[in-house]
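**Q**
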Amino acid sequence: MSGRTWRQDPHRKEAIEQAALRVILDHGVAGTTFRKVAAEAGVPLSATTYYFGSMHDLLVAAFTRFSQEVSTDFAAEIRAAQNLAQALDAVVNIIFAEGTASPRVLLLSYELYAFARRHPALTAIMQQWMARSRAALETHFSAAASAAIDAFIEGATIHRSVVPMDRQRVRDAIETLAAL
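Be aware that the sequence shown starts at 39, since it is given in the working numbering, and climbs by one per residue.
In structure tokens, the structure reads:
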């Protein structure tokens, strides 16, 4: 690191947040500790508490980062569509994609929902994520359709993780919701 200490590394905080997400994947929120996060990030234990005053603060930062990353990818996919047909296809692709509907994203989403439910102050993270998703959808769909499609995406990705789904039937359902 060419003489720099961990306190001078501008990416250290981000590395700790990313490590926290990996620990959450392996151990769940309940099993996430500063010690596990420090080991995963390859930093001294004191580095985690230097940047984050409490485990709650670290979890909020990690989940905020996660929700921003996922919603940025989501918005890029939706906004790339040039017309309604492409927007419908983009929604289907999101549901069937390995990135936005990957086991990693799903598991972290479940953990975030459960954590936010137990810690109402985190509801804002969920609301901001939903607002970003709906804003992207509203570039092609009405506000009512966007809210319904957003909810359908979440439900369909959860169901798809357990039961195979037919792409055409999913597209037909989205097309029906788009008419709202």
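Note that beta-carbon positions come from the ideal geometry of N, C-alpha and C, so glycine has one too. Owing to the predicted nature of the structure, the values given are computational and were not obtained by experimental measurement.
What span of residues does the alpha helix (DSSP H) with residue 75 cover, start to end?
**A** 72 to 79
**Q** Less than 8 angstroms between C-beta atoms, sequence neighbours within five positions excluded: which residues of the same chain meet that for residue 152?
**A** 67
**Q** Report yes if the C-beta distance between residue 215 and residue 173 is below 8 angstroms; otherwise report no.
**A** no
**Q** Going by the beta-carbon positions, is the gap between residue 62 and residue 70 smaller than 8 angstroms?
**A** Going by C-beta atoms, residue 62 is nearer than 8 angstroms to residue 70.
**Q** With a Cβ-Cβ cutoff of 8 angstroms, do residue 126 and residue 213 count as a contact?
**A** yes
**Q** Suppose contacts are defined by Cβ-Cβ distances below 8 angstroms. Is residue 167 in contact with residue 84 by that definition?
**A** no
**Q** Which residue's Cα is closest to the Cα of residue 149: 51, 194 and 60?
**A** 60
**Q** Hey, quick one: how far does the alpha helix (DSSP H) through residue 115 stretch, first residue to last?
**A** 93 to 117
**Q** Give every residue of the same chain whose Cβ lies closer than 6 angstroms to the Cβ of residue 164, excluding the five residues on either side of it in the sequence, and list them in chain order.
**A** 154
**Q** Return the first residue and the last residue of the alpha helix (DSSP H) that residue 143 is part of.
**A** 141 to 156
**Q** With a threshold of 16 other CB atoms inside 10 Å of the CB of residue 178, please say whether the residue is buried or exposed.
**A** Buried, since its Cβ has 16 or more Cβ neighbours within 10 Å.
**Q** Since residue 195 is in the alpha helix (DSSP H), which residue starts that stretch and which ends it?
**A** Here the alpha helix (DSSP H) through residue 195 covers 181 to 198.
**Q** To the nearest angstrom, how far is the alpha carbon of residue 90 from that of residue 77?
**A** 16 angstroms
**Q** Are the Cβ atoms of residue 144 and residue 87 separated by less than 8 angstroms?
**A** no
**Q** Tell me, to the nearest whole angstrom, how far the beta carbon of residue 107 is from that of residue 128; I am working on the premise that it is less than 8 angstroms.
**A** With 8 angstroms as the limit, residue 107 and residue 128 do not qualify as a contact, their Cβ atoms being about 18 angstroms apart.
**Q** Run the CB neighbour count on residue 200, radius 10 Å, all protein chains shown included, and call it buried at 16 or more, exposed below.
**A** Exposed is the call here.
**Q** Within this structure, are the beta carbons of residue 130 and residue 198 separated by less than 8 angstroms?
**A** no
**Q** Taking C-alpha atoms, which residue in 133, 171, 157 and 218 lies nearest to residue 180?
**A** 218
**Q** List the whole-angstrom C-beta distance separating residue 54 from residue 81, where the pair is believed to meet the contact cut-off of C-beta under 8 angstroms.
**A** 7 angstroms
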